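Protein chains in written order, with our numbering: chain A, 1 to 520; chain B, 1 to 896. The C-beta atom is built at its ideal place from N, Cα and C for all residues, glycine as well. Nothing here was measured: the structure is a model prediction, and the numbers come from that model.
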Amino acid sequence: MDFDESSATKIVTREFLAVVLAGFGNELGPLTNNHGDDPCLKALLPIANKPMLEYPLRWLEQSGITDVLLICPTSHRAAMTNYIQSDASAPFPSLSIDVQTVEESQDMAPGTSSILRQFASRIKSDFILLPCDFVPPPTLPLSQVLNKFRTEVTYDGAIATTCFFEASKHDKGTLTEDWGLPPSNNTIIFDERSGTLLYVDSPDDVDNNNQEFEFRMSLLSQYPRTKLSAKFRDSHVYVCRRTVLDVLSQKSQYESIKEEFIPWLCKPQYQRTRREKYGNILSPATNNLSQALALKHSTLHLPARKQHLRRSAAGSEADDDHPRSTMPSPVDDDDEDAGEPSLRVGLVAHRASSGFASRANNLHTYLELNRFFLGQASYALPTDPERRAFIDQKAQISSDSMIGHSTRVEERASIKRSVIGAHCVIGKMAKVVGCVLLDHCVVADGAKLDGCILGAYTKVGGKAELSRCVTQPGYEVAPGETARNEKLETSDWTAQDTSEDQDTDESSEEASDDSSESSE
Amino acid sequence: MPPKSSSGKDKDLAEEDEVLQAVILADSFNKRFKPLTVGKPRCLLPICNATLLDWTFESLALAGVQEIFVICRSYADQVKAAIRDSKWSKPSSGLKIVPIVTAKETFSPGDAMRDIYTHGIITSDFVLVTGDLVSNVRIDEVVRAHKERRRTNKDAIMTMVVKEAGAAHRTRSRGESGVFVLDPDTSECLHYEPTIGYPATPSIKIPREILEEHPEVEIRNDLIDCSIDVCSVEVPSLFQDNFDYGDIRRDFVYGVLTSDLLMKNIYCYVAKDGYAARVADTRSYDAVSKDILARWTFPLVPDDNHPGGHSYEHLRGNKYIAKDNSVVLSRTCKVGNNTLIGAHTTIEANASVQSSVVGQRCTIGPGAVLRDAYIFDDTHVGAGCVVEGSIVGTHVRLGSGCRVPRGCLIADGVVIGEGAKLRKFERVSKKREAQEDEDEDADDEDEEEEDSDLEEVEAHQEGVEQIVGKGSNALVWPQGLPDEEEEVEERESHNNQRLMRIGDDASDLELSDEGSTTDDDFSDTDTSYSMRSRASSMTSASGPSFSLNLDPSTSASAIHSLSSAAAETEFRSEVAQSLERAFAEGHSVENAAVELKTLRMASNVPLRRVREAVVGAIVDRVPLVPDDPAAQRAEIARFVRRWGQLIDKIGGVDAVETVEALQYHCAGAGAGARQPLFAQVLAALYQQDLVEEEDIRAWHRSAAARGQGLKPGSPLAEGVKRCWAVGAKMIEQFDAESEEESEEEESDEEAPKAKAPAAVSAPSSAKAAAEEDSESEEDSDEDSDDDSEESAPAKPAPAPAPAAAPAAAKPATQPPKAPAQAADSESEEETESEEASDEDASPAAKTASAAAPAASHPAPAKTSTPAPSTHAKAAEGPGGSSDESEEDSEDSAANA
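Here it is as structure tokens:
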């Protein structure tokens with residue numbers, strides 16, 4: 001071990017910059033609609049009473065990442081910096097979080113690609129692009145993804161590593177159709193043995209041919225045994241070489257990273273013309289081969305080695321005319337042995353059997369995630385007398401519930417399988433079953449809530465009955481009102497808000513994955 | 001859908017100890033082993049000194065099959081005799097082998113299956129194999145698994161045995177294979193895509209709907225298809241119902257899996273261990289031989305269970321020498337590893353045998369070298385011969401000092417003279433005269449087929465003496481692209497066959513296996529990507545044959561080969577009908593073009609035929625207006641405007657060919673009413689910019705245009721000559737015109753005021769220009785009418801008219817250049833102006849054609865100085881804004 005060198009590199013360069021995209025979350029409307037003039041940040045919506053941003057940040061912190069570039073809309077800046085800087089809510093002392101903003105409105109959000117292009121100058125190293133809404137499973141540490149990236153980049157010239165997770169199966173009954181389309185899975189082709197992502201079925205492909213999947217034969221000649229799967233969803237966690245940004249800046253027509261750029265990025269690894277065109281940009285020749293050499297001599301790295309052998313056996317001709325060979329190579333023969341860079345896009349496929357993962361990017365998954373954490377937790381009445389005082393003796397709270405601090409639960413209220421935020425009031429005889437209540441909600445006496453998500457500051461009048469409803473922050477349900485399967489939104493705010501609300505209402509209904517994508 | 005089942009089938013399923021039947025398709029239905037298979041069926045070729053058929057029997061016996069039906073077609077008597085004489089026909093073998101001779105009309109495995117159905121021999125689940133199988137896979141396990149499945153799912157009609165290997169395994173055919181989409185848990189085959197090596201299959205398509213029921217599937221390109229299928233009784237009947245099923249994989253499996261109606265399931269059995277391979281071509285012959293010698297097929301190895309009943313001694317290094325001490329090995333000979341030497345064979349001094357198989361009763365002369373060679377029985381290899389990577393038949397005599405480099409196939413009974421040097425991949429068979437009619441009793445049609453093959457071969461025998469040496473009785477089969485190439489199915493095409501040829505590494509072929517060649521021309525936008533790559537694969541697929549035909553100098557002579565004539569006549573009538581419909585019902589040009597493309601694909605004719613047909617149809621459909629040249633011209637112009645685009649939309653643009661087709665069609669019409677139309681139609685094409693000046697010149701220069709190769713004095717030749725004269729006239733005018741253009745450049749400057757308005761919009765200015773042109777033309781026409789009449793006495797009026805009209809239309813689309821450049825720049829601008837003028841030219845043409853008849857004696861615009869000045873200035877506009885106009889016209893073309 002060369003301690004000198006490793007410590008020297010640590011000082012000079014950081015290895016990764018984490019880029020966290022926090023958008024509006026149109027798919028989560030009306031929860032993310034403005035409350036009065038204040039924006040309700042998607043990134044700060046709580047999952048199990050913790051802001052969802054905390055999950056990816058914790059994930060980063062655990063893997064030893066220190067630098068985070070957090071990109072959010074301009075209008076969210078104040079709230080976001082407030083959150084980051086406040087002592088209580090941001091327990092990430094080791095992270096240095098740089099909050100940057102992009103001009104975007106809820107209706108006109110620039111695509112993820114253009115956001116990244118905009119901040120390309122700030123990204124000097126390899127980077128991890130991740131959304132604010134990914135809740136990683138404890139069984140999948142980020143370092144696993146990073147390690148795969150590290151070895152593959154140095155060993156055979158991979159350019160990126162992606163992370164897909166197997167989606168849990170929906171129970172048809174629990175889905176509320178009025179909440180928008182349930183999240184759909186991505187269809188991908190991947191090589192399971194070497195963990196290589198080969199093809200992502202993009203919306204463009206569907207438009208071109210909605211009867212068949214169409215992909216190049218060269219994919220199959222390089223990877224003769226692959227899997228085609230519709231079980232996975234993209235976690236939107238991409239670990240990329242810095243050079244990927246150079247290509248991204250050339251591909252200015254791409255709006256979305258997930259739906260356009262990543263599907264494209266999979267192709268140079270097996271399509272020769274693209275490889276010739278972009279190989280130099282994606283993987284410029286370097287003379288840094290200390291790690292590559294070490295890895296090459298290791299016997300433990302079998303999958304990649306095999307793959308390399310197979311490739312060279314199958315395509316010695318293709319190897320010959322690689323663009324790199326035309327360039328004067330500054331390194332000796334050993335580097336020639338390593339062959340051309342594979343330009344692979346690695347894949348960490350996380351199976352559902354090894355832990356639940358999801359992105360909270362629409363109402364279905366948001367509720368699902370909350371319920372998942374409820375299943376993990378077991379509620380016990382607080383022992384602290386001050387906090388105990390908030391909960392009435394005769395209230396019934398099932399053990400699979402969560403109650404935020406300073407929340408008052410009145411006499412004979414019943415709470416089951418629910419997450420109740422902080423500073424809420426649950427009135428007498430109120431029944432809350434399978435709900436998520438954000439902070440500062442007031443549920444008046446005798447109200448019944450079933451499977452609802454209440455935005456912050458929602459007031460539910462006495463004896464109102466809501467079933468599978470979602471409310472905008474600050475919404476007031478009149479006493480005695482009943483509603484089922486609805487998105488309840490205020491339409492009588494000030495003029496400026498009204499227009500916005502209605503717009504988001506529609507857009508959130510119609511919004512495909514695209515809009516959620518672009519607003520992360 | 002409830003499985004339909006008959007009571008009989010149920011009984012079969014219930015019966016445990018039923019007889020396991022197998023069907024062997026002993027015919028290969030292709031010619032890959034020619035000329036080795038001249039005079040005997042492929043299944044009787046020996047591999048490791050036992051016939052393929054015996055290996056197949058042995059493989060089946062190993063799997064516990066009790067009853068075998070052998071479906072044979074060619075040389076059925078030989079097959080029957082072979083079965084009769086084999087050890088399997090002994091009562092003790094426990095095998096019942098029934099040869100079944102199918103009709104000569106059986107051309108595909110599908111036909112054979114239909115034959116099986118009509119014979120009604122199948123009573124239960126059966127094993128279907130080809131007659132060239134070498135396998136030690138436990139087929140009985142597959143059968144058991146299949147029956148197990150049938151118990152729960154009656155729709156599981158077939159289980160295919162596939163062997164796990166790599167994409168580049170040596171026994172995996174590079175030329176043809178398949179991609180299997182399997183359910184990883186049940187091995188149900190959900191989709192099958194056949195692929196070929198050259199031109200490489202560019203992309204794979206998998207129906208989206210399969211993911212609905214199977215969210216995760218495996219796509220496997222690493223499987224060797226062993227062609228062992230365990231089929232249920234309804235398989236033959238499915239073939240019977242779907243009479244178009246030919247190949248078992250490409251048609252039947254693909255058809256069943258993609259059918260919405262059949263609702264049948266096909267499963268795969270992925271053999272993890274065991275060996276199974278087909279000897280489907282000479283390349284796999286080599287690979288399988290090596291595999292047998294390397295004992296992958298254990299227990300089926302030469303020293304044990306040799307299917308031919310020989311016994312060999314297995315020595316270190318996988319050397320097998322016949323056991324009965326009849327082999328004579330000289331003290332100084334070298335026998336390398338992986339070698340098999342049959343009984344009574346003599347290997348003389350200093351001879352070297354490596355990785356080769358030598359049959360029985362052979363003599364390998366002193367100093368001979370055999371490397372990767374396969375020598376059949378009773379062959380004599382002379383002293384000092386070198387045989388590499390080749391297959392040599394029985395009773396062959398190689399004279400001393402012969403060289404047989406890799407890839408040669410030498411058929412039975414051939415004698416090669418001393419010191420002969422064969423070329424690589426030479427195929428040699430015995431001359432027919434020397435052939436005793438030993439298979440007299442074989443079927444006549446076999447003979448006929450052979451005869452036609454041999455006749456073709458005999459036609460190419462000049463200069464053979466040098467190759468095969470003196471005293472040889474050999475016929476050298478032609479190398480390279482055979483003449484009938486264009487009819488051949490893609491997978492049987494020469495280049496694809498090369499991938500299946502022994503000793504050919506095909507390194508010069510671009511195989512997109514290694515990184516598609518076809519996306520060279522694709523842009524990054526994914527929309528155009530799939531479309532274009534498909535288009536390019538189409539062109540590359542037919543590349544070799546087309547380029548042959550598009551070459552104008554050779555095309556005329558190579559027009560017809562007898563064999564394709566029938567297909568072509570059919571195609572012609574189809575095209576004629578299709579165009580008739582299009583003209584009558586007023587289809588759009590695009591639709592008509594699509595229809596023509598489909599027809600072309602279906603009957604596999606070269607593009608040239610389509611072009612001829614379209615040009616011919618246009619000429620023939622023009623309404624005739626006798627005795628009124630003016631109306632006739634208007635009629636032609638109208639017609640060509642409507643349909644002319646079709647000529648370029650059929651799949652390729654070749655204006656020279658268009659002119660030639662027009663010439664020949666008009667000439668062929670005899671001196672009748674249509675022949676004079678040549679000039680007018682050509683002029684109309686020129687106006688539509690379907691034909692450029694350069695093209696007319698190129699055509700005029702070509703040999704075909706002058707009618708070379710035609711019988712002088714025949715009506716066709718006369719007609720061709722007349723048309724050529726018309727062309728000559730036209731070119732004279734072009735020459736004159738380009739001179740004028742140099743003058744006009746100067747006059748151009750005198751009229752700058754016209755430039756500004758002209759630049760505003762390209763089409764309108766072009767129109768204006770055309771109008772002016774036509775007016776000025778009238779003036780100029782009168783100046784020089786004398787020339788015309790002497791030049792074309794046959795048709796006084798029409799000939800000059802076209803010449804004048806182009807003069808009008810042409811400059812309207814041509815940006816002014818320095819005089820000297822004008823002619824040169826034309827070719828550069830050709831494409832541009834072609835597009836731009838789609839629209840522009842039509843009004844111009846209209847007015848021009850209207851104007852031309854107005855002049856009583858139209859004549860070449862030889863001295864029309866005023867006219868060019870007007871075009872020139874008008875054309876200044878389009879020149880500046882040519883980009884815009886181009887786009888416009890593209891749009892409008894698309895709309896149209």
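{"Query": "Taking a Cβ distance cut-off of 8 angstroms, strictly less, list which residues of the segment 345–367 of chain A are near chain B, in chain order.", "Result": "none"}
{"Query": "By Cβ distance below 6 angstroms, which residues in the same chain neighbour E192/A in space, the five residues on each side in sequence not counted?", "Result": "K227"}
{"Query": "Below 8 angstroms on C-beta distance, what does L60/B contact in chain A?", "Result": "Here the premise fails: no neighbours, minimum Cβ distance about 29 angstroms."}
{"Query": "Using a Cβ-Cβ distance cut-off of 8 angstroms, determine whether G166/B contacts chain A.", "Result": "yes"}
{"Query": "Which residues in the same chain have their Cβ closer than 6 angstroms to the Cβ of R621/B, if we skip the five residues on either side of it in sequence?", "Result": "F583"}
{"Query": "Assuming P30/A contacts E489/A (C-beta within less than 8 angstroms), just tell me the rounded distance between them.", "Result": "5 angstroms"}
{"Query": "Please report the straight-line C-alpha distance between S139/A and R114/B, rounded to a whole angstrom.", "Result": "The question names Ser, yet the displayed sequence has Thr at residue 139/A. Taking the straight line joining both Cα atoms gives about 58 angstroms."}
{"Query": "Nearest to D27/B by alpha carbon, out of D185/B, R633/B, I71/B?", "Result": "I71/B"}
{"Query": "Taking all protein chains shown into account, decide if S573/B is buried (16 or more other Cβ within 10 angstroms of its Cβ) or exposed.", "Result": "exposed"}
{"Query": "Report the rounded CA-to-CA distance for M538/B versus T195/B, giving the unit in angstroms.", "Result": "Because the pLDDT at M538/B is just 38, under 50, the model does not fix this residue reliably, and the value given afterwards should be weighed accordingly. For M538/B and T195/B, the distance between alpha carbons rounds to 14 angstroms."}
{"Query": "Taking the DSSP output, what are the residues bridged to H35/A?", "Result": "D38/A"}
{"Query": "Using CA atoms only, rank isn't needed, just tell me which of M80/A, V102/A, V19/A, Q253/A is closest to P39/A.", "Result": "M80/A"}
{"Query": "Please classify V134/B as buried or exposed, where buried requires at least 16 other C-beta atoms within 10 Å of its C-beta.", "Result": "buried"}
{"Query": "If we define contact as Cβ-Cβ less than 8 angstroms, is N147/A a contact residue for chain B?", "Result": "no"}
{"Query": "Should the segment 184–199 of chain B be regarded as contacting the segment 262–278 of chain B, the criterion being three or more beta carbon pairs within less than 8 angstroms?", "Result": "yes"}
{"Query": "One question on the structure: do T521/A and L347/A come within less than 8 angstroms of each other, judged by their Cβ atoms?", "Result": "Nothing about residue 521/A can be reported from this structure: the residues present for chain A run from 1 to 520 only."}
{"Query": "Alpha carbon to alpha carbon, what distance is there between A389/A and K148/A?", "Result": "51 angstroms"}
{"Query": "Below 8 angstroms on the Cβ atoms is my contact criterion, and I expect I416/B with G365/B to pass it. Report the Cβ-Cβ distance as a whole number of Å.", "Result": "With 8 angstroms as the limit, I416/B and G365/B do not qualify as a contact, their Cβ atoms being about 13 angstroms apart."}
{"Query": "Count the other CB atoms, across all protein chains shown, that sit within 10 Å of the CB of K459/A; report buried if there are 16 or more and exposed otherwise.", "Result": "buried"}
{"Query": "Please compile the residues from chain B whose C-beta is within a distance smaller than 9 angstroms of the C-beta of Q211/A.", "Result": "K205, P207, R208, E209"}
{"Query": "When DSSP labels each residue in this structure, what does G178/B get in the three-state scheme?", "Result": "strand"}
{"Query": "For a contact defined as C-beta to C-beta under 7 angstroms, what are the partners of L215/B on chain A?", "Result": "Reading off the sequence, residue 215/B comes out as Pro, not Leu. Correct list: S229, A230, K231."}
{"Query": "Does DSSP put Q354/B in a helix, in a strand, or in coil?", "Result": "strand"}
{"Query": "Verify whether the separation of the beta carbon atoms of C362/B and D372/B is less than 8 angstroms.", "Result": "no"}
{"Query": "My output table needs one value for G346/A: the three-state DSSP class, helix, strand or coil.", "Result": "strand"}
{"Query": "Using a Cβ-Cβ cut-off of less than 8 angstroms, list which residues of the segment 169–187 of chain B approach chain A; keep chain order.", "Result": "V179, V181, P184"}
{"Query": "Give the secondary structure of T187/A by DSSP, where H, G and I count as helix, E and B as strand, and everything else as coil.", "Result": "strand"}
{"Query": "By the 7 angstroms beta-carbon criterion, what residues does the segment 391–418 of chain A contribute toward chain B?", "Result": "none"}
{"Query": "How would you list, in chain order, the residues of chain A whose beta-carbon sits under 8 angstroms from the beta-carbon of P199/B?", "Result": "Under the 8 angstroms cutoff, chain A gives no residues; its nearest Cβ is about 11 angstroms from P199/B."}
{"Query": "Against T195/B, what residues of chain A qualify as contacts under a CB-to-CB distance less than 7 angstroms, listed in chain order?", "Result": "M217"}
{"Query": "Which residues in the same chain as A698/B place their Cβ atom closer than 6 angstroms to its Cβ, once the five residues preceding and following it in sequence are excluded?", "Result": "V656"}
{"Query": "How about N496/B: is its C-beta nearer than 8 angstroms to some C-beta of chain A?", "Result": "no"}
{"Query": "Which whole runs of the beta strand (DSSP E) in the segment 286–326 of chain B are 3 residues long or more, in chain order?", "Result": "312–315, 319–322"}
{"Query": "Please compile the residues from chain A whose C-beta is within a distance smaller than 7 angstroms of the C-beta of R403/B.", "Result": "By Cβ distance, chain A contributes nothing, its closest Cβ being about 28 angstroms from R403/B, past 7 angstroms."}
{"Query": "Which residues in chain B sit within 9 angstroms of I189/A, going by Cβ to Cβ distance?", "Result": "I219"}
{"Query": "How is C385/B classed by DSSP in three states: helix, strand or coil?", "Result": "coil"}
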